[in-house]
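Just so we're aligned: the sequence shown equals residues 0 to 512 in numbering that gives the first Met the number 0. Read the structure below first, then the notes.
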Amino acid sequence: MNKKLMIIIAAILIVIAGGITAFLLLKPGVQPEEEDLFLPGDWQIDVEELKDAAITIYLDVPNQNDMEDVLEAVNRKLKDDLKTQLDFEVYWEYPAMFIDRVRTSNASGQPCDAYIYSTGFDMPVKTLVEQGLMMDLSELFPKYAPNYYNQFSRDEIKALTVDGGIYLIPPRIPSADIKYAVVRQDLMEKYNIPEISSYDDFEVYLETVKKNEPDMITTNYYDTSLGMFAQAYGYAILDRDMQLVYRWDDPEMQIMAWEQTPECLESLERLNGWLEKGYLAKTYIIAEIQNQMVTTGKWASFVCDPSNQMYFNSLLNSKGIKDISYRAYPLYDGCSARNPMMSYGLAVNGGSRQPERVLMFIDWLQSDRENYDLLMYGVKGTHYIDKGGYIEPAPDVAATFYEWVWKPPFENIDYQRTNYPGLEEEIDSYHEILAKRTKFPAHFGFIPDYSSVYDIATPRKQRSFELDDLVYRGSFSEVGLQKYRDEQKRLGVDSVIAEIQKQLDDYRAKNPG
């Protein structure tokens, strides 16, 4: 699979991940009660002292017509409350081109104020800071957005801190790199299939559906063997692109190359078996879970985040489809990693002349449900209907509020709306999964520096999908895996591991606990 395609896929996944989590809700007060607020919670802006200002945020998402109407409503209130005008500029393009657009805005003397950032952009924070494209917010964030800052726990702030600085304003949606089988529950009941708690159980479902529903696509996933199975075998993923892992239960955190582990072979053999048995479509590595995959009922299951259960059922409910339903089942018992706090959010441009106003806007948005509702759900009666306890999209809207692509960097679990009866119970179940099955891994906050092994690391990264491509092309074999292992050894993967291990050990020594 070529690099250009994978960049597009990564960018699409960012949007999909945001769409999936758009239905999460938690009771207000997720921060443990015993934790003191970092700052006084009664901080107020003296609006009379503010001057009129306009802030521009660049979004790397497709354009949607509803955005202009929503922004108009937001700005009417924002002008009165904060003397601020908000503008979104939308550019749906390669990550490198998008970041270059930020760079160009600085050179033009009219810099944007903030922009969407994701680790999927393949632009290290350190590099963006050095180029003046990302600002350290460790002092500004708590000063100008204290109400939002105080909504994060100490562990979350720690996970957000990189080399002593805070460089991203993240959404407040807890999520994890966890794999569940999200299956057609109606088919489970129709064919009396036993409940799923492992990959072996899941294959019973796949076999049954394939036998009885031959026209269906039995399953799909959008990941690699590493992402699908490493955590199931007890590994924590240190660097997904470089395919580096260590054991969750190893106090020394000894780094290994994924392809050198025995479990890599088992994982690839399982995926290869799915392909040979016809469980996967010929183009089975999909870029995104599209709405029509769910609403047509043609796709029988997905291996993905369990929160998709809520998204799929919400989507089906919105379309009036009552005979299809989805349920998420666990595929392994081990621990999974909470997603990095730095994986996605809003970066303040290092060239911005008004970073304080950006943070004031964030605090305005995240401190009041009315403000939040305007940006995330639109105007009551125009974009949504309040049903008392839950909301529904207004009829005849071009795109429903849960399809709006600008929402993910601003999502907040305390203000999310449910949009059908029963969804809150599903959400409670999801948060129970996060509490019991996920945690921040020990390496969070550590950023590997490959500059000293650049000539070895870069080609390895470019070939990170090679083994999965062998499965995709139907040409995987144990001999092929061993050839890849030997070649990586010859090219110097052990030197990469030794260098990153040294960096990790040094980081742990300086940051105990």
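Glycine included, C-beta positions come from ideal geometry on N, C-alpha and C. No experiment lies behind these values; they were computed from the predicted model shown.
> Roughly how many angstroms separate the alpha carbons of Leu364 and Glu355, rounded to a whole number?
Replying inline: 14 angstroms
> Who does Asn411 pair with in a DSSP beta bridge?
Replying inline: Arg171
> Can you tell me the Cα-Cα spacing of Ile115 and Asp59, whole angstroms?
Replying inline: For Ile115 and Asp59, the distance between alpha carbons rounds to 7 angstroms.
> Should Asp385 be flagged as near chain D, meaning a C-beta pair shorter than 8 angstroms?
Replying inline: As a matter of chain content, chain D is missing from the structure shown, which is built from one protein chain.
>> On the CB-based measure, 16 or more other CB atoms within 10 Å of its CB, does Ala397 come out buried or exposed?
In response: exposed
>> Per the DSSP calculation, Ile361 is bridged to which residue(s)?
In response: Ile361 pairs with nothing; no bridge assigned.
> Based on the DSSP secondary-structure assignment, which residues constitute the bridge partners of Gln109?
Replying inline: DSSP, once it has assigned bridges, lists no residue as partnering Gln109.
>> If distances are taken between C-alpha atoms only, which option among Ser152, Arg472 and Val478 comes closest to Asn271?
In response: Arg472
> So is the beta-carbon of Tyr147 under 7 angstroms away from any non-hydrogen atom of the ligand HEM?
Replying inline: In terms of ligand content, the structure shown is empty, and the ligand HEM therefore cannot be addressed.
> Alpha carbon to alpha carbon, how far is Gly349 from Ala158?
Replying inline: 22 angstroms
> Below 8 angstroms between beta carbons: does that hold for Ile323 and Ala280?
Replying inline: no
> Is it buried or exposed for Tyr453, if we count other Cβ within 10 angstroms and need 16 for buried?
Replying inline: exposed
> Which first and last residues belong to the alpha helix (DSSP H) in which Val73 is found?
Replying inline: Asp65 to Leu81
> Is it true that the CB of Phe228 sits closer than 8 angstroms to the CB of Ser197?
Replying inline: No. Outside cutoff.
> Taking Glu486 as the reference, which of Met340, Thr218, Arg459 and Thr295 has the closest Cα?
Replying inline: Arg459
> Looking only at its own chain, which residues have a Cβ that is under 8 angstroms from the Cβ of Glu262, when we skip the five neighbours before and after it?
Replying inline: Spatial neighbours of Glu262 in its own chain (CB-CB distance under 8 angstroms, excluding positions within 5 residues in sequence) are listed in chain order as Phe228, Ala229, Tyr232 and Tyr234.
>> How far does the alpha helix (DSSP H) with Gly272 in it extend, from its first residue to its last?
In response: Pro261 to Glu275
> Opposite Leu85 in the DSSP bridges: which residues?
Replying inline: Ile54
> Are the beta-carbon atoms belonging to Ile384 and Asn418 less than 8 angstroms from one another?
Replying inline: no
> According to DSSP, what are the bridge partners of Lys438?
Replying inline: Ala336
> Starting from Asp154 and walking both ways along the alpha helix (DSSP H), at which residues does that stretch end?
Replying inline: Arg153 to Leu159
> Exposed or buried, what is Gly108 when buried is set at 16 or more other beta-carbons lying within 10 Å of its beta-carbon?
Replying inline: exposed
> In this structure, does DSSP put Leu237 in helix, strand or coil?
Replying inline: strand
> Looking only at its own chain, which residues have a Cβ that is under 7 angstroms from the Cβ of Tyr90, when we skip the five neighbours before and after it?
Replying inline: Tyr57, Asp59, Phe97 and Arg100
> Candidates Asn312, Leu274 and Met255: which alpha carbon is nearest Asp185's?
Replying inline: It is Asn312.
>> Can you find the residues in the same chain that come closer than 6 angstroms, C-beta to C-beta, to Pro408, ignoring five residues on each side of it along the sequence?
In response: Ile115, Pro170, Gly344 and Leu345
> Is Leu24 buried or exposed, if buried means 16 or more other CB atoms sit within 10 Å of its CB?
Replying inline: Caution is warranted here: a pLDDT of 37 is assigned to Leu24, below 50, making its placement in the model unreliable, and the coordinate value is therefore given only provisionally. With 16 or more other Cβ atoms from the protein chains shown falling within 10 Å of its own Cβ, Leu24 counts as buried.
> Can you name, in chain order, every residue of its own chain whose Cβ lies under 8 angstroms from the Cβ of Lys50, other than the five neighbours on each side?
Replying inline: Lys82
> Mind checking Tyr190: buried by the 16 CB within 10 Å criterion, or exposed?
Replying inline: exposed
>> Going by DSSP, what residue range makes up the beta strand (DSSP E) through Val181?
In response: Tyr179 to Arg183
> Across which residues does DSSP place Trp298 in a beta bridge pair?
Replying inline: Note: Trp298 is bridge-paired with Ile216 in the DSSP secondary-structure output.
>> Quick check: the stretch 60–67 against the stretch 302–318, are at least 3 beta-carbon pairs closer than 8 angstroms?
In response: no
> According to DSSP, what are the bridge partners of Asp176?
Replying inline: Ala336
> Which whole-angstrom value describes the C-beta separation of Gly342 and Thr118, a residue pair presumed to lie in contact below a C-beta threshold of 8 angstroms?
Replying inline: Looking at the sequence itself, residue 342 is Ser, so the reference to Gly does not match. Between Thr118 and Ser342 the Cβ distance is about 5 angstroms, and since that is below 8 angstroms, they are a contact.
> Which two residues bound the contiguous alpha helix (DSSP H) that contains Pro141?
Replying inline: Where Pro141 is concerned, the enclosing alpha helix (DSSP H) starts and stops at Leu139 to Tyr143.
>> Measuring straight from C-alpha to C-alpha, what distance separates Asp468 and Leu237?
In response: It is roughly 22 angstroms from the alpha-carbon of Asp468 to the alpha-carbon of Leu237.
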